[in-house]
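> Residue numbers for the sequence shown, in my numbering: 1 to 114.
The beta carbon of each residue, even a glycine, is placed where N, CA and C say it ideally should be.
Please read these numbers as outputs of a predicted model, since none were measured by experiment.
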Amino acid sequence: MAAPTVPPRDSVTSSSTSNPQRKILEDLQFKKQMFLKQGASQALAPATTVHQSTGWQSGTDGHLAGTATSQRPTLLSATTHSFGYFIPTDSSFGNFILPVLPRLDPTPPAKPVS
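As structure tokens, then:
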């Protein structure tokens, strides 16, 4: 399916100048086409991160220094997709990560309606 063609910006018809909403829509369509021609769709793709094995741990990955290679993806996934963060442990119960959740201030109890 071919994308609809957009008339050049200079060839705006008199009907589009009388209708400001149509002019805005045409302008948005023109900008969208220009944006897509410049390769912005590739720029909007999710960026992939590449970790080099230099032996140096960055500040965000420093807590992963002692974890096994098989546990690292699970720990990274849990940390990036949750409200808190996780720390690795050496547990004999199978809990190799522990959640660390932020402390929330308690809400005062509601006053009963008399």
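1) Determine the DSSP secondary structure at L104, reduced to helix, strand or coil.
2) Just tell me which of I24, L28 and L75 has its CA closest to the CA of N95.
3) Could you tell me how far apart the beta carbons of F83 and V100 are, in whole angstroms, since I believe they sit closer than 8 Å?
4) Report the rounded CA-to-CA distance for K32 versus T80, giving the unit in angstroms.
5) In terms of residues, what are the limits of the beta strand (DSSP E) holding F86?
6) For P112, does the three-state DSSP call read helix, strand or coil?
7) What's the gap between the Cα of S92 and the Cα of Q29?
To lay it out plainly:
1) coil
2) L75
3) Not quite, the Cβ-Cβ distance comes to about 10 Å (not below 8 Å), so this is no contact.
4) 32 Å
5) Y85 to P88
6) coil
7) 60 Å
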